[in-house]
Amino acid sequence: MSPLRNEEETRLVAQIEALTHGKVTALDRQPRWRKAWYATVRREGAELPLYIRGDKQIDAEPYPGLDREATVLTLLASGGLPVPHVYGMARDPIGIVMDRVPGERDVATASDDAERQSIAEEYIELLAKMHALDVAPFIAAGIEKPEGAAGVSLSYLNAHLPLYERTKRGPQPLVEWALRWIQRNVPQHREVPRLIHGDPGQFLFAEGRVTCLYDFEATHIGDPMHDLAALRLRAGTEPLGADPDHLVRHYARITGVEIDAGVLSFHTAAFMLAAVMSMAGPLYDPRPADMQLEYQIWDVMCRRAMLWGMAEVMGAVITPSAPIVLPEGRSSMIAKVLDATIERIDVTDPVAAGNRESARALAQWARAEAFAGIEHEAGDLDRVAAIIGFRPSTWRDADEALEQFVLRAGPEHDAVLFSYFARQIEDRVAVAVPVRDRLAHYALTPVQ
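Taken in order, the sequence shown gives residues 50 to 497; the numbers are from my numbering.
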């Protein structure tokens with residue numbers, strides 16, 4: 050058996066064995082930002098590979114409770130979807146104990162482009178099958194059914210409102226303005242509620258076929274265009290096997306649903322806004338957690354994608370800020386020493402190794418921020434002054450004053466506020482030196 054690193058995993062082993070009626074022979078922590086483990090159980094002479102899906106360790110869930118996701122998995126299996134079998138819940142630490150389904154996530158490992166496209170199309174067909182499921186069993190299990198065009202279009206976003214309001218720790222002018230913009234631009238012709246994956250594009254495959262769908266913590270009842278819009282971001286972070294434009298057109302072919310480009314862009318912005326809202330509070334005053342770099346990247350990426358989706362609806366153009374080039378000098382010498390020092394830190398497990406790499410990137414990011422941040426902040430304060438009529442002394446004062454302005458502003462101010470926020474986030478991308486290539490790769494691509 051893998052060495053147990055702590056008492057928590059000792060407790061987890063006992064719970065796995067009680068749920069599976071077998072003997073745990075291996076348990077290894079998955080090196081990622083949320084808690085998860087791979088386990089192997091010996092039962093009736095055979096090995097049973099398992100996956101234990103833990104929590105995120107931050108208050109960022111609109112649908113709290115892994116029990117909800119376990120119920121969704123069970124109902125999806127009953128509906129004929131290929132999802133992992135659930136054995137039950139571990140309580141301390143909390144986690145869903147489920148089958149570890151064979152397969153790969155990275156479609157780059159498929160044999161060729163034709164196989165990659167075939168896998169991607171099969172996934173879209175399974176997504177369409179999910180959208181066609183009867184919502185009644187899910188409603189009976191406690192998943193809320195929205196009513197009317199606004200309810201259907203905003204069901205995911207509305208679920209994030211209590212989370213956002215509960216965790217908000219400071220002014221969020223971009224979020225407050227985006228909320229009002231989204232609410233003013235709801236598509237009024239889409240009222241039929243369907244079962245939605247919520248965070249789509251997550252599947253495993255083997256030998257050219259999809260073996261399972263996974264990650265249903267965001268499953269809800271709403272508009273299927275939400276899932277198609279969300280695939281636009283997923284395609285950058287985890288390639289799907291075909292570009293989003295092809296997948297959207299394939300969905301239209303197999304379902305007969307006409308895709309409205311404006312609705313797709315609206316849901317792109319709404320999906321990204323929900324992600325920004327979920328992280329706004331925790332990242333305003335972050336607490337220690339593993340691999341915090343990923344949260345910082347995700348926040349910038351989601352804010353940018355939200356604004357790009359809005360730009361599509363508005364017919365606006367966003368100009369990227371010039372990338373920062375760090376100068377050679379005394380600070381570069383210190384940076385090299387710091388990088389080498391971090392590299393020399395001895396690590397004993399994959400999680401610690403991930404934290405070390407995060408520390409290296411964050412140190413580089415901080416150096417770029419120190420170099421360009423003063424200039425960017427001065428320009429930002431000047432632009433705020435042009436909107437609100439006076440120049441705040443700090444960026445925190447600016448956020449506070451701008452939020453108060455946003456709370457009173459009507460749609461006549463949308464264009465100038467959009468321009469301000471777009472420039473602000475592009476400046477943030479420009480200083481994200483160690484992850485700039487990742488942010489470029491994650492950027493939205495157009496869907497025709």
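Each residue gets a CB set at the ideal place from its N, CA and C atoms; glycine is no exception.
Extent of the continuous alpha helix (DSSP H) to which residue i belongs
| i | result |
| --- | --- |
| Gly285 | Met274 to Thr286 |
| Ile173 | Asp162 to His180 |
| His209 | Ser204 to Thr216 |
| Gln345 | Leu342 to Met363 |
| Ile367 | Where Ile367 is concerned, there is no enclosing alpha helix (DSSP H), given that its DSSP letter is neither H nor E. |
| Gln237 | Taken as a continuous stretch (DSSP letters only), Gln237 belongs to no alpha helix (DSSP H), as it is neither H nor E. |
| Glu475 | Asp463 to Val480 |
| Gly330 | Ala310 to Tyr333 |
| Asp452 | Note on identity: in this sequence residue 452 is Glu, with Asp being the wrong assignment. First-last of the alpha helix (DSSP H) with Glu452: Trp444 to Arg457. |
| Val297 | Pro293 to Thr304 |
| Phe187 | Ala185 to Ala189 |
| Asp398 | Per DSSP, Asp398 belongs to no alpha helix (DSSP H) and is neither H nor E. |
| Tyr112 | Per DSSP, Tyr112 belongs to no alpha helix (DSSP H) and is neither H nor E. |
| Leu488 | Arg485 to Tyr491 |
| Ala159 | No alpha helix (DSSP H) contains Ala159, which DSSP labels as neither H nor E. |
| Glu388 | For the record, residue 388 in the displayed sequence is Asp; it is not Glu. Its alpha helix (DSSP H) spans residues Arg379 to Arg393. |
Element boundaries [beta strand (DSSP E), containing residue i]
| i | result |
| --- | --- |
| Thr59 | First-last for Thr59: Glu56 to Thr69, but that is the alpha helix (DSSP H), not the beta strand (DSSP E). |
| Leu244 | Arg243 to Ile245 |
Beta bridge counterpart(s) of residue i as assigned by DSSP
| i | result |
| --- | --- |
| Leu223 | Looking at the DSSP assignment, Leu223 forms no beta bridge with any residue, so it has no partner. |
| Ala75 | Thr89 |
| Cys261 | Leu253 |
| Met147 | Tyr100 and Val135 |
| Ile270 | Leu244 |
| Ala415 | Answer is none; Ala415 lacks a bridge partner. |
| Glu153 | Phe254 |
| Ala95 | Arg92 |
| Arg140 | Ile143 |
Length of the line joining the Cα atoms of residue i and residue j
| i | j | result |
| --- | --- | --- |
| Asp276 | Val386 | 46 Å |
| Phe439 | Val433 | 8 Å |
| Glu57 | Arg140 | 11 Å |
| Glu225 | Ile346 | 21 Å |
| Met50 | Asp398 | At Met50 the pLDDT is 48, less than 50, meaning the model places this residue with poor confidence; the figure from the coordinates comes in the next sentence. Going by the C-alpha atoms only, they are around 16 Å apart. |
| Leu68 | Ala119 | 14 Å |
| Ser468 | Ile367 | 8 Å |
| Gly305 | Gln341 | 43 Å |
| Arg416 | Glu475 | 18 Å |
| Leu61 | Arg457 | 51 Å |
| Ile168 | Leu289 | 8 Å |
| Gln232 | Gly364 | 18 Å |
| Val498 | Ala329 | Nothing can be reported for residue 498: it is not among the residues displayed for the chain, which extend from 50 to 497. |
| Arg81 | Ile436 | 42 Å |
| Val484 | Ala410 | 8 Å |
| Leu430 | Pro186 | 52 Å |
| Ala419 | Pro249 | 37 Å |
| Tyr263 | Asp348 | 23 Å |
| His209 | Ile188 | 19 Å |
| Ala481 | Met359 | 23 Å |
| Gln237 | Arg353 | 26 Å |
| Glu287 | Glu170 | 15 Å |
| Ala427 | Gly403 | 35 Å |
| Arg405 | His70 | 38 Å |
| Val465 | Ala291 | 36 Å |
| Leu125 | Met138 | 17 Å |
| Arg165 | Val135 | 28 Å |
| Asp162 | Gly114 | 39 Å |
Within 8 Å, strictly: CB atoms of residue i and residue j
| i | j | result |
| --- | --- | --- |
| Asp148 | Pro131 | no |
| Met274 | His316 | yes |
| Phe252 | Ala278 | no |
| Leu332 | Leu228 | no |
| Leu151 | Ala255 | Note on identity: in this sequence residue 151 is Pro, with Leu being the wrong assignment. Taking 8 Å as the Cβ cut-off, Pro151 and Ala255 qualify as a contacting pair. |
| Leu244 | His180 | yes |
| Thr268 | Gly285 | no |
| Gly128 | Leu182 | yes |
| Asp463 | Trp230 | yes |
| Trp357 | Leu493 | yes |
| Glu240 | Ala177 | no |
| Cys351 | Ala324 | yes |
Nearest-angstrom Cβ-Cβ length linking residue i and residue j, presumed shorter than 8 Å
| i | j | result |
| --- | --- | --- |
| Phe265 | Leu122 | 6 Å |
| Tyr205 | Met326 | No, Tyr205 and Met326 are not in contact; Cβ-Cβ is about 10 Å, not under 8 Å. |
| Thr59 | Thr74 | Thr59 to Thr74, Cβ: 15 Å. No contact. |
| Ala318 | Val362 | 7 Å |
| Asp104 | Lys84 | 6 Å |
| Pro142 | Val201 | The Cβ separation is near 36 Å, so there is no contact. |
| Glu449 | Gln221 | The Cβ separation is near 10 Å, so there is no contact. |
| Leu223 | Phe470 | 5 Å |
| Pro293 | Val496 | 6 Å |
| Asp388 | Ala412 | 7 Å |
Check: residue i C-beta below 7 Å from any heavy atom of the ligand SAH
| i | result |
| --- | --- |
| Gly290 | Looking for the ligand SAH in the displayed structure turns up nothing, as the structure carries no ligands at all. |
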